[in-house]
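Chains as they are written, first to last, in the working numbering: chain F, 180 to 449; chain S, 0 to 463.
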Amino acid sequence: MKHFRTVGLLFSISLFLFITADTGSAITVDEIVKKANQAAYYKGSDGRAYVSMTITDSQKRRRTKKFTILRWDKPGKDDLYCEDQKYYVYFHLPADVNKMVFMVWKHVKSDDDRWLYLPALDLVKRISSNEKRTSFVGSDFFYEDVSGRNINYDTHELSREDKNFYVLKNTPRDPDSVEFSYYIAWIHKKTFLTIKAEYYDKNGEKYREYVALRESTIQGYPTITKSVMKDIRRGSSTVLEYANVQYNTGLPEKIFTERYLRRAPVKYLR
Amino acid sequence: MKKFLLLFFLFLCCSNVAYAQDAPDLPPGLSEGDMPDLPEGLTEETPAPADDSLQIHPKSFIQVDLTGFLEIRSGMRIRHDAYEKSTPVGEGRLHAELEKHWINAGFKISSDYVYDTVVGRNRIQLDEGEGWLDMREASLVFTPADFMDVKTGRQIMTWGTGDLVFINDLFPKDWVSFFIGRDVEYLKAPSDTVRISLFSWIANIDFYYSPSFNSDRYITGRRISYWNTMLHKRSGRDHIVRVMRPEQWFADSELGLRIFKNIRGYELATYGYRGFWKSPSGMDVRRGKATFPDLNVYGASIRGNVFSGIGNMEFGYYDSGNDRSGKDPSVRNSEVRLLAGYEIEIARDFTIGFQYYMEKIRHYHGYKKSFQGDNPPRKHYRNVFTMRITRLLMGQNIKLSLFAYICPSDSDYYIRPNMSYKLTDLWTVEAGGNVFYGRHDYSFFGQFEKNSNLYFSIRRYFHF
């Protein structure tokens with residue numbers, strides 16, 4: 180009998196050691212990634228925000244952009260459904276881009292559709308979308324940082340965790356398609372918000388860093404309302420501040436069409 | 000048994016140790032002890048800021064919005080032109096836009112106040128775009144029903160898929176501004192019109208009616224010299240083009256229609272137009288004046304993602320209503336026009352685009368037979384290739400671009416290099432050129448050869 184107890188005890192200890200060495204957590208990496216993606220880009224069925232963007236270059240010159248962003252999610256099977264979305268970005272400032280509109284139909288399984296509306300010419304311009312890791316309106320944020328990077332483009336591993344964070348190492352499946360060789364993301368355990376992300380180049384050097392500076396819970400959704408992206412090589416940084424954040428506004432899908440590029444949907448931009 | 004179990008336990012533990020020892024060094028960013036601080040709002044000490052600190056009222060929808068710019072623009076010819084001044088453009092300009100929108104209605108007034116040193120006439124000529132005032136927009140927009148928008152008054156309109164090539168876009172163009180080096184937004188001239196747009200899930204319809212004819216701001220000779228077919232030589236300020244414009248209200252009206260639909264990101268459209276050739280395209284020989292003959296246009300276009308870039312195709316049939324048989328030498332022949340284009344971002348902030356454009360004279364036999372004039376007749380086909388290269392630098396604050404029209408059938412070209420630099424959010428400087436070349440003085444771009452120019456501008460934006 181004593182033997183059996185010893186056997187049981189030793190077996191449980193070794194099993195425990197084995198498991199902790201591997202994952203150390205009840206939640207799977209896949210779930211963390213999905214929930215983080217959801218928390219960052221898919222809160223509610225739609226959303227809107229008034230965004231102030233301050234870009235500071237290496238010589239400390241500052242430029243400011245202000246825009247309203249509207250988001251619509253294609254309805255899915257369940258709450259974790261994270262697929263196609265539509266974005267409408269209406270520029271207020273600087274004056275040279277005043278009333279310009281940038282619209283994206285984000286497709287998870289194919290290239291996005293992107294349009295730019297230039298009010299002075301009444302021109303609805305189509306823009307190519309193969310470069311997703313290109314600067315969003317001259318800032319240190321990329322298009323992908325604003326609308327989300329497809330989670331299937333990377334492999335994810337949970338490298339460690341503490342009481343606050345899951346630390347994920349994300350490695351691109353196609354290394355030639357991106358400028359990073361991997362990036363580390365600190366995911367807040369309670370909210371699944373990404374609090375920090377560091378991007379490393381092919382030489383293992385950090386060249387880009389994202390830090391969340393403020394969280395506000397809006398309509399029950401934890402939301403990052405202030406964040407900064409630093410380009411370490413260029414010495415520039417961009418601070419994004421979100422105001423007037425609202426979810427589940429009942430924004431109709433038809434807003435994301437040519438009609439509302441030419442005629443701004445005042446009701447939803449107010 | 001005990002020994003065996005102990006060994007087994009040791010083995011398991013060792014395998015864990017071995018696992019740890021085999022593991023490579025942690026890459027940068029994954030070493031222990033560098034957990035970030037929690038941001039404001041997630042820490043227990045600092046409570047989340049109250050919601051009202053996150054409320055900002057975007058000004059533009061609360062009150063009337065006034066935006067615009069002040070600009071000084073100056074240019075010089077790079078070739079001697081006996082018929083024009085050495086500066087094609089030299090002006091100070093105040094552009095002001097006053098705009099207000101409610102949910103179902105809005106208005107926009109956009110006007111330019113110009114101090115011009117080239118033409119030297121301050122009388123307002125809205126059709127030519129000369130004078131101290133250019134009223135670019137004065138329009139009312141309203142939504143009488145959920146499926147309908149109406150925009151009435153003076154407005155700028157654009158449709159079609161071409162990049163600086165227009166087939167079904169028969170809205171007035173200001174070719175003078177385009178050639179002398181004003182900002183490209185001045186290529187579009189205003190129309191006085193009523194535009195009604197209807198939207199449904201089957202298709203959308205855009206319809207406009209202009210009670211009087213809105214012509215292009217065509218080449219008159221005042222700023223740009225041209226090939227004078229009557230005199231068989233270049234002309235400019237010595238022979239200002241005299242025209243007979245269709246001027247009767249309601250009788251000389253224009254109608255345009257577009258039916259369009261977006262099918263999974265592919266934009267399909269079909270077009271119709273009834274009006275006049277937008278630039279002089281005929282001759283009243285008796286009076287010695289250029290005319291704007293009747294024109295009907297039917298066309299179609301498609302645009303969408305193709306191999307990670309944007310592909311577009313457009314077609315138009317130009318039915319020259321006053322000369323259906325093509326035998327009248329004083330009226331431009333009917334034409335078939337075709338365009339195919341492709342644009343792609345080949346690297347970050349680096350875009351290239353190509354277009355092929357073709358014009359085919361419909362009744363070439365009739366045209367050739369009846370042709371009168373000293374220079375050779377036009378060729379049956381006119382082929383134009385365009386190329387665009389755009390490079391953005393320094394956080395997209397510097398824009399370098401090159402646009403070229405190359406026409407092998409006429410042996411001429413037109414190149415538009417441009418660079419602009421946003422010094423700050425409010426100040427922008429720009430420099431560029433318009434370079435024309437042609438083997439023959441009478442070809443489309445070749446006639447403007449002496450107008451090749453360089454220009455420079457400085458602009459200060461404002462908003463209230």
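Beta carbons are placed, not taken as given, at the ideal position from N, Cα and C, and that holds for glycine.
Distance between residue j and residue i (C-alpha atoms, nearest Å)
i	j	result
N227 of chain S	Q446 of chain S	9 Å
I351 of chain S	D410 of chain F	26 Å
R459 of chain S	G264 of chain S	37 Å
I108 of chain S	T389 of chain S	32 Å
D182 of chain S	P254 of chain F	43 Å
P351 of chain F	Q217 of chain F	20 Å
T325 of chain F	D64 of chain S	Sequence check: residue 325 of chain F is Val here, not Thr. Cα to Cα, V325 of chain F sits roughly 28 Å from D64 of chain S.
M357 of chain S	D318 of chain S	16 Å
H128 of chain F	G394 of chain S	What the structure shows of chain F is the stretch from 180 to 449, and residue 128 of chain F is not part of that stretch, so it cannot be assessed.
Y454 of chain S	T116 of chain S	15 Å
A144 of chain S	F206 of chain S	16 Å
I345 of chain S	L300 of chain F	26 Å
H462 of chain S	S138 of chain S	20 Å
S400 of chain S	M418 of chain S	6 Å
A188 of chain S	E253 of chain S	15 Å
E448 of chain S	Y413 of chain S	9 Å
K433 of chain F	N121 of chain S	47 Å
H231 of chain S	P375 of chain S	11 Å
E437 of chain F	F246 of chain F	19 Å
K285 of chain F	V305 of chain S	16 Å
Residue i and residue j closer than 8 Å at C-beta
i	j	result
R305 of chain F	I309 of chain S	yes
E313 of chain S	G298 of chain S	yes
S190 of chain S	P171 of chain S	yes
I77 of chain S	N452 of chain S	yes
I363 of chain F	L347 of chain F	yes
I374 of chain F	L37 of chain S	yes
G130 of chain S	R393 of chain F	no
F371 of chain F	A215 of chain F	yes
P328 of chain S	F291 of chain S	no
K470 of chain S	A202 of chain S	Because chain S here runs from 0 to 463, residue 470 of chain S falls outside it and cannot be looked at.
I301 of chain S	I258 of chain S	no
Y269 of chain F	L448 of chain F	yes
R293 of chain F	S314 of chain F	no
F178 of chain S	I123 of chain S	no
Beta carbon proximity, residue i to chain F, threshold 8 Å
i	result
F464 of chain S	The question about residue 464 of chain S has no answer, for chain S in this structure spans 0 to 463.
N213 of chain S	no
K187 of chain S	yes
N304 of chain S	yes
Q354 of chain S	no
R415 of chain S	no
W101 of chain S	yes
T350 of chain S	yes
S307 of chain S	yes
F198 of chain S	yes
I166 of chain S	no
Any chain S beta carbon closer than 8 Å to residue i
i	result
R242 of chain F	yes
I374 of chain F	yes
L430 of chain F	no
F344 of chain F	yes
S314 of chain F	yes
F234 of chain F	In the sequence as displayed, the identity of residue 234 of chain F is Ile instead of Phe. Yes - at least one Cβ of chain S is within 8 Å of the one on I234 of chain F.
G317 of chain F	yes
K381 of chain F	no
A443 of chain F	yes
K214 of chain F	no
W365 of chain F	yes
N329 of chain F	no
S356 of chain F	no
D301 of chain F	yes
F446 of chain F	The sequence given here places Lys at residue 446 of chain F; Phe does not occur at that position. So yes, K446 of chain F belongs to the interface.
Assumed close pair residue i, residue j - CB separation to whole angstroms, cut-off 8 Å
i	j	result
T404 of chain F	E384 of chain F	Not really, about 31 Å apart at Cβ, beyond 8 Å.
Y296 of chain F	V283 of chain F	That pair is no contact at about 12 Å.
G437 of chain S	D411 of chain S	3 Å
S176 of chain S	R233 of chain S	With 8 Å as the limit, S176 of chain S and R233 of chain S do not qualify as a contact, their Cβ atoms being about 21 Å apart.
F212 of chain S	G281 of chain S	Not quite, the Cβ-Cβ distance comes to about 14 Å (not below 8 Å), so this is no contact.
Contained beta strand (DSSP E) runs [length at least 3] in the region 369-438 of chain S, N- to C-terminal order: Runs found: 380-392, 397-406, 411-421, 426-437.
Within the region 340-370 of chain F, ranges of the beta strand (DSSP E) (whole runs, at least 3 residues): As far as the region 340-370 of chain F is concerned, its whole beta strand (DSSP E) runs of at least 3 residues are 344-351, 361-367.
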